[in-house]
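Protein chains in written order, with our numbering: chain R, 1 to 348; chain H, 349 to 573. Yeah, the Cβ is synthetic: ideal placement off N, Cα and C, and Gly gets one too. First comes the structure, then the notes that go with it.
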Ligand SMILES: [Zn+2]
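Here it is, written out as structure tokens:
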């Protein structure tokens, strides 16, 4: 056995069935099956549809990952699986499947936190994470600011969205503008030809009073409504809706708040590393704005490549490998999938 | 040949180890815990305990037999994904058995098999001397009851039959959940013949609950329009 652990990770918390294989910080395979197309006409993920798709996809995705990595299950040192948070029924397919694999192969199993895995995945791209670090996790399901002192032990939540997740706001605004689900990529694309200063949309929880009570929290519900009202007023007056300008102005409002609060967290806590993860981290404007603002204060921004930002099995394997390397005890076989798993738990 | 037997299509989280030979079959050890909400927590430790108890290593297994439902989806999937990952890891075949068929196997004459489908419905089928006379279906007990006379049903088994005994007007038998030995019996010939592995397709019998979104609601209040 090599000194670095060979870990297989399984992800099934939402609509992506992911199986990743890593050796330490080296990515060997990242196989993915997505049910996103089956959810598109519903404008959001339908839990039962996702669960059914996970059951169908798990074994074929396992085979693909093992082939891609050129290893067999016998070579694997440990199996990691997302235990939560996420959709209960979807999580359970991955958890039960991982337990079956662990039992059959007599390997240790690690039930891990999906959000901590979004942080850990960056080690596959940029090597070990300097600690402490601030992590900004933004996707269709979560928007959180965390302080990471020791990724093997737990992370400290600093703030989170009080209503919609950032990715959810992208989905809703995209729908409003007649763009497909998920909304992130089409808005990013349209925004490139738009003027981000054309319309001034509200920045949630950035007022003086909010900065006392909700300094590191986010709110995107008001923004989404403001965009809807603006577009509707335009439509009613019979004027054309400048889709690209709306997309650019909306996107800038989201990215402005996210990066402003993330940099604020780094500065007030004296932390020099900001890692951004989750599907929204694939947004080109978010990355550019974070890099530009961080540079002013000597803060290093780490963003993994887009395929590692969205949900995948490699992130779960990366966190599993981190736990194995840290000497963390494996999970017991009776652990439950926890749809509301707290961030303070890295593993179960 | 040693086989692992799983069924999670009812609240009874069931696992067993059985020996199957052309000359016969026997269940060596079995466990069933009735808890409709904890399939994911209970099943793997039960399998682990069974293997340990029998002194069997996973690699000694020659096949997995799994109940494919119908049953409440979340629990049903736990057994099927466990069976699928086991057979994948050990490169052994999987064989599916309709859970209602396992419940109906030991009934005599015309019998109703009904399990609890939640939402005040049952998964059901009618059996004639242990063999299915109808395909599995999901319905309200009150909609099943009038059909039973037509099939000349005189007996009923399964948790659903017990729960709605007064609606069906049939005395419910003692058997509430599928017996591992019945699952083994229904798959034994496939195990002995080395039949090709089967995809374990769950019998959902219901579509997912999902509604397409309605037209977008106006964001401006009436006075602003
Ligand atoms: Zn995620």
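Quiz item: Within the present structure, is the beta-carbon of residue 139 of chain R separated from the nearest heavy atom of ligand 1 by less than 7 angstroms?
Solution: yes
Practice problem: Could you have a look at residue 244 of chain R and say whether DSSP puts it in helix, strand or coil? | Solution: helix
Quiz item: Regarding residue 111 of chain R and ligand 1, is the C-beta to nearest heavy atom distance less than 7 angstroms?
Solution: no
Quiz item: Is it the case that the CB of residue 252 of chain R approaches a heavy atom of ligand 1 more closely than 7 angstroms?
Solution: no
Quiz item: alpha helix (DSSP H) containing residue 221 of chain R: first to last residue?
Solution: 221-236
Quiz item: With respect to the alpha helix (DSSP H) encompassing residue 415 of chain H, which residues constitute its N-terminal and C-terminal limits?
Solution: Element bounds for residue 415 of chain H: not the alpha helix (DSSP H) but the beta strand (DSSP E), 409-415.
Self-check item: One or two residues paired with residue 218 of chain R in a DSSP bridge
Solution: R/161
Self-check item: Closer than 8 angstroms to chain R by CB, residue 414 of chain H
Solution: no
Practice problem: Kindly give me the distance between the Cβ atoms of residue 34 of chain R and residue 86 of chain R, rounded to whole angstroms, as I take these residues to be in contact under 8 angstroms. | Solution: About 15 angstroms separates the two Cβ atoms, so there is no contact after all.
Quiz prompt | Cutoff 8 angstroms: residue 396 of chain H Cβ touching any chain R Cβ | solution = yes
Quiz item: Counting pairs of beta carbons, one from the region 17-30 of chain R and one from the region 67-78 of chain R, are three or more of them closer than 8 angstroms?
Solution: yes
Quiz item: By Cβ distance below 8 angstroms, which residues in the same chain neighbour residue 335 of chain H in space, the five residues on each side in sequence not counted?
Solution: Past the boundaries of the shown model lies residue 335 of chain H; chain H is included only from 349 to 573, so the question cannot be answered.
Quiz prompt | Pick from H/350, H/534, H/375, H/405 that is closest to residue 448 of chain H, judged by C-alpha positions | solution = H/534
Exercise. Decide if residue 512 of chain H is buried, meaning its Cβ has at least 16 other Cβ atoms within 10 Å, or exposed.
Key: buried
Quiz item: Less than 7 angstroms between the CB of residue 506 of chain H and some heavy atom of ligand 1, yes or no?
Solution: no
Practice problem: Indicate, with yes or no, if ligand 1 has a heavy atom lying under 7 angstroms from the CB of residue 311 of chain R. | Solution: yes
Quiz item: Can you find a CB in chain H that lies within less than 8 angstroms of the CB of residue 233 of chain R?
Solution: yes
Exercise. Specify the secondary structure class of residue 271 of chain R as computed by DSSP and reduced to three states.
Key: coil
Quiz item: Based on the DSSP output, what are the partners of residue 110 of chain R in its beta bridges?
Solution: R/80
Exercise. Could you have a look at residue 402 of chain H and say whether DSSP puts it in helix, strand or coil?
Key: helix
Practice problem: Say whether chain H places a C-beta atom closer than 8 angstroms to the C-beta of residue 191 of chain R. | Solution: no
Self-check item: Distance CB(residue 201 of chain R)-CB(residue 250 of chain R) smaller than 8 angstroms
Solution: yes
Quiz item: Given residue 374 of chain H, which residues of its chain have a CB within under 7 angstroms of its CB, disregarding the five upstream and five downstream residues?
Solution: 366, 367
Practice problem: Quick one: give me the first and last residue of the beta strand (DSSP E) that residue 375 of chain H is part of. | Solution: 372-382
Exercise. Taking the CB atoms as reference points, tell me whether residue 54 of chain R and residue 90 of chain R lie closer together than 8 angstroms.
Key: yes
Self-check item: Assigned secondary structure, residue 557 of chain H (DSSP; H/G/I helix, E/B strand, else coil)
Solution: coil
Quiz item: Is the region 284-302 of chain R touching the region 101-110 of chain R in the sense that three or more CB pairs, one from each, lie closer than 8 angstroms?
Solution: no
Quiz item: Does the count of Cβ pairs from the region 193-208 of chain R and the region 33-50 of chain R closer than 8 angstroms reach three?
Solution: no
Quiz item: Hey, does residue 313 of chain R have any beta-carbon neighbour from chain H nearer than 8 angstroms?
Solution: no
Self-check item: Residue closest to residue 160 of chain R, alpha-carbon to alpha-carbon, out of R/136, R/175, R/56, R/148
Solution: R/136
Quiz item: Using a C-beta to C-beta distance shorter than 7 angstroms, which residues of chain R count as neighbours of residue 436 of chain H?
Solution: 59, 62
Quiz item: What separation, rounded to the nearest whole angstrom, lies between the Cα atoms of residue 266 of chain R and residue 157 of chain R?
Solution: 13 angstroms
Quiz prompt | Three-state class that DSSP yields for residue 1 of chain R in the structure shown | solution = Any reading at residue 1 of chain R must be qualified, since the residue scores a pLDDT of 44, below 50, and its modelled position is unreliable; no value is offered.
Exercise. Label residue 297 of chain R either buried or exposed according to how many other C-beta atoms from any shown protein chain fall within 10 Å of its C-beta, with 16 as the threshold for buried.
Key: exposed
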